[in-house]
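Contents: one structure, followed by commentary.
Number of protein chains: 2
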Amino acid sequence: MTKMIAPQSVGVVVPQRAEFTTPLALRSGGTLNNYHLVYETYGTLNADRSNAVLVCHALSGSHHVAGTYADAPHNVGWWDNLIGPGKPLDTRKFFVIGVNNLGGCYGSSGPNQINPATGKLWGADFPFVTVEDWVESQARLADRLGIERFAAVVGGSLGGMQAMSWALQYPDRVGHVAVIAAAPKLTAQNIAFNEVARQAILSDPEFHGGHYYAHGVVPTRGLKLARMVGHITYLSDDSMAEKFGRSLRHGRNTYSYDVEFEIESYLRYQGDKFAGYFDANTYLLTTKALDYFDPAFEYGGHLPAALARASADFLVISFTTDWRFSPERSREIVYALLHNKRNVSYAEIDCPAGHDSFLLDETRYHKLLSAWFDRIEV
Amino acid sequence: MTKMIAPQSVGVVVPQRAEFTTPLALRSGGTLNNYHLVYETYGTLNADRSNAVLVCHALSGSHHVAGTYADAPHNVGWWDNLIGPGKPLDTRKFFVIGVNNLGGCYGSSGPNQINPATGKLWGADFPFVTVEDWVESQARLADRLGIERFAAVVGGSLGGMQAMSWALQYPDRVGHVAVIAAAPKLTAQNIAFNEVARQAILSDPEFHGGHYYAHGVVPTRGLKLARMVGHITYLSDDSMAEKFGRSLRHGRNTYSYDVEFEIESYLRYQGDKFAGYFDANTYLLTTKALDYFDPAFEYGGHLPAALARASADFLVISFTTDWRFSPERSREIVYALLHNKRNVSYAEIDCPAGHDSFLLDETRYHKLLSAWFDRIEV
Chain A
278 MTKMIAPQSV
288 GVVVPQRAEF
298 TTPLALRSGG
308 TLNNYHLVYE
318 TYGTLNADRS
328 NAVLVCHALS
338 GSHHVAGTYA
348 DAPHNVGWWD
358 NLIGPGKPLD
368 TRKFFVIGVN
378 NLGGCYGSSG
388 PNQINPATGK
398 LWGADFPFVT
408 VEDWVESQAR
418 LADRLGIERF
428 AAVVGGSLGG
438 MQAMSWALQY
448 PDRVGHVAVI
458 AAAPKLTAQN
468 IAFNEVARQA
478 ILSDPEFHGG
488 HYYAHGVVPT
498 RGLKLARMVG
508 HITYLSDDSM
518 AEKFGRSLRH
528 GRNTYSYDVE
538 FEIESYLRYQ
548 GDKFAGYFDA
558 NTYLLTTKAL
568 DYFDPAFEYG
578 GHLPAALARA
588 SADFLVISFT
598 TDWRFSPERS
608 REIVYALLHN
618 KRNVSYAEID
628 CPAGHDSFLL
638 DETRYHKLLS
648 AWFDRIEV
Chain B
278 MTKMIAPQSV
288 GVVVPQRAEF
298 TTPLALRSGG
308 TLNNYHLVYE
318 TYGTLNADRS
328 NAVLVCHALS
338 GSHHVAGTYA
348 DAPHNVGWWD
358 NLIGPGKPLD
368 TRKFFVIGVN
378 NLGGCYGSSG
388 PNQINPATGK
398 LWGADFPFVT
408 VEDWVESQAR
418 LADRLGIERF
428 AAVVGGSLGG
438 MQAMSWALQY
448 PDRVGHVAVI
458 AAAPKLTAQN
468 IAFNEVARQA
478 ILSDPEFHGG
488 HYYAHGVVPT
498 RGLKLARMVG
508 HITYLSDDSM
518 AEKFGRSLRH
528 GRNTYSYDVE
538 FEIESYLRYQ
548 GDKFAGYFDA
558 NTYLLTTKAL
568 DYFDPAFEYG
578 GHLPAALARA
588 SADFLVISFT
598 TDWRFSPERS
608 REIVYALLHN
618 KRNVSYAEID
628 CPAGHDSFLL
638 DETRYHKLLS
648 AWFDRIEV
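Quick mapping for you: the protein sequence lines, in order, are chains A and B.
Residues are numbered in this note's numbering as their position in the first sequence, beginning at 1, plus a constant of 277.
Residues are numbered in this note's numbering as their position in the second sequence, beginning at 1, plus a constant of 277.
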């Protein structure tokens, strides 16, 4: 049990970069001959190298999981409320690693990085990557850092799928796995939303087959639409009603296509902001990785058979109002683990915020994570 | 009780057109000095003119509710399974009217019709129209046809909202109202989906501020996306899973942005088809009419107060798997009517098809409608 203190920030952090020159064979059939990963670490690796925790990010996340940057003090890590001294994932006990996924757009090899073979930006030529490829690349980063076995691998949404895949690809290298607000595979409806987002990007005249940088433009219209439709699925119907309802910006109908309802303003703002910094090819690749994820596929769809390889202790968490990956989807994972007599804890957190709940500082959720991390021996 | 016979088609029908020269003041503040409505009728108006039923259409519907066209035998009306001799809305008893809404794109005055004042297509200059405006225009059509009072006004989705509005705007002119798969107003999430669809159209470079016809183009990309996102909300998660699941067109991942999952093929097909015939300005106007509909607004949000004016006998129907307008939304209408001691029947039909259920030939649903229409005295 770590001594109780008031939660603190990990403070100013500095991203690091690791180069890899051993070719990485990808599930898509392609190969990355050399690549680099950008990552951050918080806390200190202990002498036994037994206290490392890998945090995997979701669709629009990055390696910047906690803390801030010296030159950008307001750029706070996306799971900063979870990670730090005195926080549920306590950096006095654990050595925490965040890594930007391959194909991402925050510094790791990806569409907006230079292709070493051509000296030009990868753009649309960056190969398709899968959850399994990400885990493979993360395992190599662990090798580099001298980490034989993670105390835990954790993630929410697509990050939770990576955590699950860790337990399957490297059962001997991970002691605990937390799968939060995730699913064992996407439904047709999940894929449908991704497909709308992709078509918005692919059909943007400024997409130029993915080589938009070469044309000096960015498909902002498509990215904006993709983010808008995504955002609808991140929030619950109720939380949208609570936050925005039918509030009218001008108190009455103005009969125009300018913002009338506050929800329109929110979505446009989120869409514009996202289109200003995210890479369209990364968005496409990442939604594809989501669609492809299906560890039971090679087991004829039988999830218990797929999870038989896992030996880690699991924590599975869902949120009552998450309709993107509903509690039912988490229970599929739990049942499959129980079928294999694996050690699994499951919590369905009553939280109104929908899928995005996994990012929030919800008391019961964080207390649960605190208790779980506390019990992990390092 | 109408004699039982095997259901038959109303056969070949011919659309009719009514011209109006009395200015129509619109809720948006604009005025249509003259306009025309395209409509169809099935069955025969009785001597008392007491057997007329108005069918109101939803977002992408039209006046072509039943039967076929001589020159297009496969163009079957959108509610043909409901209307005809021996069908639930039996044309041996009732005189049924379908009318294309003002602002529509199937022949009534709208963006793709000539503006009499300029001799050019209306395009983006067609004024905003509301559910209330439609009801007003439909009442004038009823006047023209010599119908003082409708035996019933019925509709699903946006059509159900029009039926509800009929009971409020003309309580003395409608005996029965069927509100199917509708809601008393949109939620923030409903508006959000409409807003994504609108932004897809508005941001299409070929939209040209709505004057695309003048530019010899059509914003097909935007319309396609709008329809794709709409379609996701018309189907239930379960019915999508049932119909498409994760079926792969090639039996394996192809790692491309071509169709991989069957659901992608379905959505693209629906989107392309729709973009080939529907008018973008009509889509925009109609989603706005949906957003604006809120009869309780002028009563401080108190629906029972808004519905106090209604005197018709109501039938309210919802479908268990409809997540666009869930049963809860229908129950709001029912409670508000009961609060006013109005005569209302309510049925929640267990049907897996989601919002689109109201268009389907679901046995219990159609039996219920049969019984309801049978009891209406004309």
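Cβ atoms here follow ideal geometry from the backbone N, Cα and C, with glycine treated the same way.
- Bounds of the alpha helix (DSSP H) holding Asp568 (chain A) are 557-569.
- Here Arg529 (chain B) is exposed. Its C-beta has fewer than 16 other C-beta atoms within 10 Å.
- Counting only Cβ-Cβ distances below 9 Å, Lys462 (chain B) has contacts in chain A at Arg523, in chain order.
- Residues of the same chain with a CB within less than 6 Å of the CB of Leu359 (chain B), apart from the 5 flanking positions on each side, are Pro365, Leu366 in chain order.
- DSSP assignment within the region 463-506 of chain A yields the following whole alpha helix (DSSP H) runs of 4 residues or more, N-terminal first: 465-479.
- Taken through DSSP and simplified to helix, strand or coil, Tyr642 (chain B) comes out as helix.
- DSSP places Phe403 (chain A) outside both helix and strand once states are collapsed to three, so it counts as coil.
- In the assembly as shown, Arg450 (chain A) is a buried residue. Its beta-carbon has 16 or more other beta-carbons within 10 Å.
- Asp357 (chain B): not part of any beta strand (DSSP E); DSSP gives it neither H nor E.
- Between the beta-carbon of Asn377 (chain B) and that of Val456 (chain B) there is about 21 Å, and that puts the pair past the 8 Å contact cut.
- Runs of the beta strand (DSSP E) lying entirely within the region 283-316 of chain A and spanning at least 3 residues, in chain order: 293-297.
- Ile610 (chain B) is outside the set of residues whose beta carbon lies under 8 Å from a beta carbon in chain A.
- When DSSP states are grouped into helix, strand and coil, Gly344 (chain B) belongs to the coil group.
- Taking a 10 Å sphere around the C-beta of Asp556 (chain A), we find 16 or more other C-beta atoms and assign the residue as buried.
- Not a single CB atom of chain B sits nearer than 8 Å to the CB of Ile594 (chain A).
- Not a single C-beta of chain A is nearer than 8 Å to the C-beta of Ala587 (chain B).
- Straight through space, the alpha carbons of Asp535 (chain B) and Ser542 (chain B) are spaced by roughly 9 Å.
- By the Cβ neighbour-count rule, Ser434 (chain B) is buried, with 16 or more other Cβ atoms within 10 Å of its own.
- In the structure shown, Thr318 (chain B) adopts extended strand secondary structure according to DSSP, grouped into three states.
- Taking the beta carbon of Ser480 (chain A) as reference, the chain B residues within 8 Å of it are Arg498, Lys501, Leu502, listed in sequence order.
- Within the model, the alpha-carbon separation for Asp549 (chain B) versus Glu539 (chain B) is close to 15 Å.
- In this chain, the alpha helix (DSSP H) harbouring Gly548 (chain B) covers 539-554.
- Rounded to whole angstroms, Ala583 (chain A) and Ala343 (chain A) show a C-alpha spacing of 33 Å.
- Nearest CB-CB separation between Arg450 (chain A) and chain B: not below the 8 Å threshold.
- Counting only the Cα atoms, Ala585 (chain B) lies some 50 Å from Gly553 (chain A).
- Judged by pairs of C-beta atoms under 8 Å, the region 557-564 of chain B touches the region 469-488 of chain B, as three or more such pairs exist.
- The beta-carbon of Tyr534 (chain B) is placed less than 8 Å from the nearest beta-carbon of chain A.
- The CB of Met441 (chain A) never comes closer than 7 Å to any CB in chain B; the least such distance is about 17 Å.
- Asp590 (chain B): member of the beta strand (DSSP E) spanning 590-596, first to last residue.
- Per DSSP, Ile610 (chain B) is one residue of the alpha helix (DSSP H) stretching across 604-616.
- Under the Cβ criterion of 8 Å, Val473 (chain B) is counted among the residues facing chain A.
- Nearest Cα to Gln547 (chain A) within the set B:Val473, B:Phe591, B:Val611, B:Ala648: B:Val473.
- Membership of Glu519 (chain B) in the alpha helix (DSSP H) is indicated by the continuous run 514-520.
- Classified as buried, Ser339 (chain A) has 16 or more neighbouring CB atoms from the shown chains inside 10 Å of its CB.
- DSSP, read as helix, strand or coil, puts Asp410 (chain A) in helix.
- Rounded to whole angstroms, Ser588 (chain B) and His453 (chain B) show a C-alpha spacing of 9 Å.
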